[in-house]
Each structure stands twice: as structure tokens, then as C-alpha cells.
Amino acid sequence: MTTEINEKIDQAAESSADDQQTVSVRVEDLIVGRTINNAIHDSNGVLLLAAGSVVNSRFKQLLRDRNMSNVEIHSDDAASVSLSAFADIDDSDGGIYSTVLTEKLDTLIESGSMFVANTGPALRDSMVVHGCKGYDQESRDKLFAQQQEYGESLDDMMRGALKGETPKGADIAGMAANYLTQLTADADSVISTAAEAGQDETLSQHCLQMSLLGMAIGAELNLDENNVRNIGLCGLVHDWGMVRVQDKIGTWRRKLNPLELMEIQKHPIFSLEMLENVAGIPSIVPVVCYQVHEQPNGQGYPRNRTHKMIHMFARILNVAHSYVSLTTSREDRPALMPYAAMEYLLRQTNDKTIDSAAMRALLNLLSLFPVGSFVTLTDGSAARVIRRNQNLYTSPIVQIIQSADGKRSDPSDPDNIIDLNQNELQIDQALPTPGKDEIDLSSELFDGQV
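Quick note: full-length UniProt numbering has the sequence shown finishing at residue 450, numbered continuously throughout.
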């Protein structure tokens with residue numbers, strides 16, 4: 001029987017494993033149901049599986065019974081019978097999952113020396129609370145233009161770093177410093193403006209929104225100015241390696257097959273390599289960028305780290321990344337409504353996919369009905385959420401934009417701005433953003449992917 005483990009080679013026509021270009025594949029990684037075109041032998045030349053045979057559960061169990069954790073497979077077959085094997089043989093970047101740089105970072109991470117401490121007062125103490133006050137339109141117009149300008153500049157930096165050019169760390173730090181000043185002056189307005197400006201769905205705008213939201217979460221967690229600024233820096237540069245991935249697989253804003261997902265999981269290391277060409281960035285930045293896509297439950301990448309082994313800044317940015325990704329459309333699905341995104345992330349907190357402290361901070365920061373989103377109230381009127389209301393995340397401050405009979409409300413009338421904690425009116429339902437194709441969690445178009 002061709003699938004028997006102990007069958008001997010007795011025909012000269014059968015090629016020996018020694019004559020084949022083979023790669024080592026974990027037995028557990030073998031995909032049942034896949035066909036091999038080249039015979040598999042053990043180290044003594046014993047035939048394990050004949051050419052043309054199908055990998056099945058019995059074959060894998062026979063290997064386990066022989067205490068074999070790995071098996072040598074011809075490189076031509078490895079791509080089809082094991083995804084991890086394909087990653088090894090298709091890696092034109094020379095074993096990208098293990099480099100001198102990543103080994104240094106892994107050593108640092110495993111040493112447990114990633115404690116975060118403030119050296120100054122908490123930034124939150126200096127942030128202006130506006131209460132029932134509308135946005136300053138002139139400031140918003142400037143913020144919108146700035147966001148577009150930053151997006152173009154960041155895109156140029158990413159493309160330049162990919163070509164081996166040397167972007168100035170000071171230019172990136174300048175963006176984070178400006179965000180810091182603007183968040184202090186009016187966090188609600190800055191966050192909602194950035195979301196509006198970032199609807200072009202480019203990688204640079206994703207990084208900008210993530211950076212800004214991560215900084216705001218950091219401030220909410222009582223971090224000081226220096227720590228919050230560093231979170232912003234990490235958010236701006238953490239995804240630069242995606243530029244390199246896009247050159248291989250095209251747009252990543254779609255449902256990806258397993259091999260494309262493997263390419264995506266390499267991008268933190270690509271980012272590290274690109275950041276080596278950026279002068280003057282703090283030493284903490286590469287560590288955080290390396291870990292942004294790790295998850296507290298150990299299901300993230302690239303190293304499957306668990307909560308205590310993930311830097312606090314990375315856990316914060318992971319939450320920011322998740323929210324921005326969910327509220328941004330992809331080729332295969334529309335964006336989630338902001339309320340639906342918050343609802344989904346709260347569920348993710350339960351299974352430790354995201355950090356609970358950072359998620360709580362996001363909830364307080366944006367409210368359950370996030371700043372910038374649209375709702376109807378219990379009197380039938382429509383409103384826009386314009387500000388958080390301390391930590392009362394179910395009762396934000398809203399601005400009436402349409403009466404119950406469909407008439408447009410005067411945006412300059414201060415009486416249309418309502419503190420729902422001080423009013424009989426409550427939120428009745430969340431609405432999609434006007435002019436934007438958004439869905440809720442019940443939609444069949446939502447596949448659960450961030």
C-alpha cells in the first residue's frame with residue numbers, strides 16, 4: 001500500500017529524497033486532501049508517501065506514531081501541501097520572519113524591559129473641555145487641509161523609504177507635535193475632521209487617522225506629552241511596510257487568500273527595515289511598530305505575543321487600527337457604521353483580541369455613538385454627535401441637524417446643541433453617515449475581518 005509508513009524503496013526508478021530539493025515541513029501543517037507530485041521519504045530512504053498520493057489524516061497520524069514532528073517534502077510540492085512551507089520557499093526576502101533586527105527586538109521584548117512611565121504631568125490635565133460648544137469652522141477647514149497635506153507628504157516619505165531614500169525623522173515628529181497641540185485645544189473637532197478627511201482610504205490617511213486616534217487614547221490613559229507624542233510617531237510609520245506588500249499583492253482592502261495574508265503578516269518586518277533609513281526617530285518606535293498587530297490573546301502577528309509581552313503603545317495602536325479599519329470601506333465590503341464598529345470591538349474585548357484598557361479609553365473618548373456619527377433622538381429628530389460627555393459614553397453631546405418633520409436645523413443656533421445627560425431626549429438609533437455607504441453588524445456583507 002503506497003501510504004504505508006514502512007514500505008521500502010524497491011524500484012530504481014523511484015527518486016531518493018537525497019536527490020531532491022526538499023524543505024522541512026511540520027507534520028501539523030500538512031493540509032489534508034492535497035496531492036503530492038513527488039514521493040516523500042524519511043532520512044533513511046524509506047518511502048513514506050508515493051508520488052501522486054493524497055495527504056490524508058491517516059498518513060499524518062502514522063507520522064505522529066513514528067514521533068516525526070517534521071517531514072522533508074519536495075519544494076515543488078511544499079507550496080500546495082502546506083501554507084507555512086510555501087512561505088519559506090517563496091520568501092524572496094531571505095527568511096523575512098527572522099532577521100538580525102527582529103532577533104534584537106525579540107531579545108529586548110523577552111527581557112521584560114518595556115515598562116512605560118511618565119516623566120511629566122498627564123497630557124489629559126491640559127486638554128480643553130468644551131462642553132456644549134460647537135466646532136470652530138475656520139479651525140476645521142485648516143485641519144482638513146492639513147490632513148490632506150500630511151497625507152501627501154507621508155505617502156512621499158513611504159515611497160522614498162522603499163527606494164532606500166532617507167526621510168527625516170524630524171519631519172515625521174513635526175506632524176505628531178502638531179497633532180499634540182491640536183488635540184489639546186479641541187480633541188473632538190480634530191478627531192472628527194481627520195475621519196472626514198481620511199475617506200480617500202489611502203494607506204497614508206489610514207496611518208494619519210490611526211496616529212491621531214492612538215494619541216488621543218494615550219492621553220485618555222493619563223500618559224504624558226512625551227509618551228503621547230511617541231505613540232503618534234509610531235502610528236505614522238508603523239504600516240510603511242505595507243507599501244512593499246502592495247507591490248506584490250495589490251490593494252489589501254479586500255478579502256485576502258491565505259497566501260496573501262501571509263504576505264500581509266510580513267509587513268511589520270518590512271516596516272522595520274524601512275525605518276532603518278529614517279534618521280532621528282526614538283529607539284522605542286521600532287519596538288512598537290513591530291508589535292502593533294499582535295493581540296493580547298496571542299492570535300496576532302508576527303510573533304503571536306500575549307498581553308504582557310506587548311508594549312502598551314502597540315496595544316493602544318492596535319485598538320486605533322481596528323476602529324479605523326472597520327470604519328473604512330474595502331473592495332469587498334462597505335465601512336461599518338461607527339456605532340457598529342464600537343459594538344464589534346466591545347465583543348472583541350471579551351475574547352482578548354484587543355486590549356480592554358485601551359478599548360475602555362476609546363469608548364470614553366468617542367462614546368458608544370462615536371463623535372462625528374449620526375443618530376436619531378427619541379423625539380424623531382436627527383442629530384450629529386459632536387462631543388464626548390465626560391465618561392458618559394451613552395449620553396454624548398449632540399447637535400440637532402434635522403427636525404422630526406424633516407426640516408433642516410440652523411447650525412449656528414446654540415439651542416440645537418444638547419447635553420443628553422441633562423435632557424429628556426435620548427438616542428433612539430444610530431444612522432449611517434450621509435453620502436457614505438455604511439453597514440451594520442447584521443449585514444451579510446460584514447465578514448468579521450478587521
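C-beta atoms are modelled at their ideal positions from N, C-alpha and C, and glycine is treated no differently.
### Task
Express the C-alpha separation of Gln209 and residue 451 in angstroms, rounding to a whole number.
Past the boundaries of the shown model lies residue 451; the chain is included only from 1 to 450, so the question cannot be answered.
What are the boundary residues of the alpha helix (DSSP H) that Glu72 is part of?
Counting along the chain, Glu72 falls outside any alpha helix (DSSP H), though it belongs to the beta strand (DSSP E) covering Asn70 to His74.
*asked:* Rounded to the nearest angstrom, what separates Tyr290 and Ile284 at their Cα positions?
replied: Tyr290 and Ile284: Cα-Cα distance of roughly 10 Å.
Is it the case that the segment 239 to 248 contacts the segment 153 to 161, given that we only count it when at least three CB pairs across the two stretches are under 8 Å? Cβ pair count under 8 Å is three or more, so yes.
Worksheet item: Can you tell which of Gln348, Ala173 and Thr327 has its C-alpha closest to the C-alpha of Pro338?
Response: Each of Gln348, Ala173 and Thr327 was checked against the Cα of Pro338, and the nearest Cα belongs to Thr327.
* Would you tell me roughly how many angstroms separate the C-alpha atoms of Ala357 and Arg140, rounded to the nearest one? => Just so you know, the alpha carbons of Ala357 and Arg140 end up roughly 30 Å apart.
**Request:** Could you name the residues of the same chain whose beta carbon sits closer than 8 Å to that of Ala219, not counting the 5 residues immediately before and after it, in chain order?
**Result:** Correct list, in chain order: Ala122, Leu123, Arg124, Met127, Leu183, Ala187 and Val228.
### Message
Using C-beta distances below 6 Å, list every residue in its chain close to Gly448, excluding the 5 sequence neighbours before and after it, in chain order.
### Response
Excluding residues up to 5 positions away in sequence, nothing lies with its Cβ nearer than 6 Å to the Cβ of Gly448 in the same chain.
| Does DSSP classify Phe446 as helix, strand or coil? | DSSP, reduced to helix, strand and coil, places Phe446 outside both helices and strands of the structure shown, so it counts as coil.
(request) Kindly provide the ranges of any alpha helix (DSSP H) runs that are 4 or more residues long and lie completely inside the segment 370 to 396, ordered along the chain. (result) DSSP assignment within the segment 370 to 396 yields no whole alpha helix (DSSP H) run of 4 residues or more.
- [ ] Locate the alpha helix (DSSP H) running through Val324, then write down its first and last residues.
- [x] Per DSSP, Val324 belongs to the alpha helix (DSSP H) from Met312 to Leu326.
List the DSSP bridge partners of Gln402.
-> According to DSSP, Gln402 bridges with Ala382 and Arg408.
Original post:
Between Cys132, Pro296, Ala176 and Arg408, which lies nearest to Val237 when the distance is taken from Cα to Cα?
Top reply: Scanning Cys132, Pro296, Ala176 and Arg408 for the CA closest to the CA of Val237 turns up Ala176.
DSSP puts Lys168 in a beta bridge; with which residues?
Partner(s): Ala279.
Three-state secondary structure (DSSP) of Gln61: Looking at Gln61 - three-state DSSP - the assignment turns out to be helix.
*Alpha carbon to alpha carbon, how far is His267 from Leu259?*
The alpha-carbon atoms of His267 and Leu259 are separated by roughly 13 Å.
TODO: Taking only runs that begin and end inside the segment 206 to 278, name each unbroken alpha helix (DSSP H) of 4 or more residues, in chain order.
DONE: With a minimum length of 4 residues, the continuous alpha helix (DSSP H) runs that stay inside the segment 206 to 278 are 225 to 237, 241 to 249, 258 to 264 and 267 to 275.
- For the candidate residues Pro282, Val287, Gly134 and Glu263, whose alpha-carbon lies nearest to that of Leu272? The shortest Cα separation from Leu272 among Pro282, Val287, Gly134 and Glu263 belongs to Val287.
- Helix, strand or coil: which one does DSSP assign to His293? In this structure, His293 counts as coil in the three-state DSSP scheme.
Since Phe59 contacts Leu49 with CB under 8 Å, what's their CB separation in whole angstroms?
Between Leu49 and Phe59 the Cβ distance is about 6 Å, and since that is below 8 Å, they are a contact.
Presumed contact (8 Å Cβ cut-off) between Ser395 and Asn416, rounded CB distance | With 8 Å as the limit, Ser395 and Asn416 do not qualify as a contact, their Cβ atoms being about 17 Å apart.
Pair within 8 Å by beta-carbon distance, Asp437 and Pro334:
Yes.
### Message
Could you give the first and the last residue of the continuous beta strand (DSSP E) run that contains Leu345?
### Response
Boundaries around Leu345 are those of the alpha helix (DSSP H), Pro338 to Asn350, since no beta strand (DSSP E) includes it.
| DSSP-derived helix/strand/coil call for Ser113 | Ser113 falls in the coil class under three-state DSSP.
*If you count every other CB in all the chains shown that lies within 10 Å of the CB of Arg408, and 16 or more means buried, which is it?*
An exposed status is given to Arg408, since fewer than 16 other beta-carbon atoms sit within 10 Å of its beta-carbon.
On the three-state DSSP scale, how would you describe Ile96?
Residue placement at Ile96 cannot be trusted, given a pLDDT of 44 that sits under 50; what the coordinates show is reported in the next sentence. Correct three-state label for Ile96: coil.
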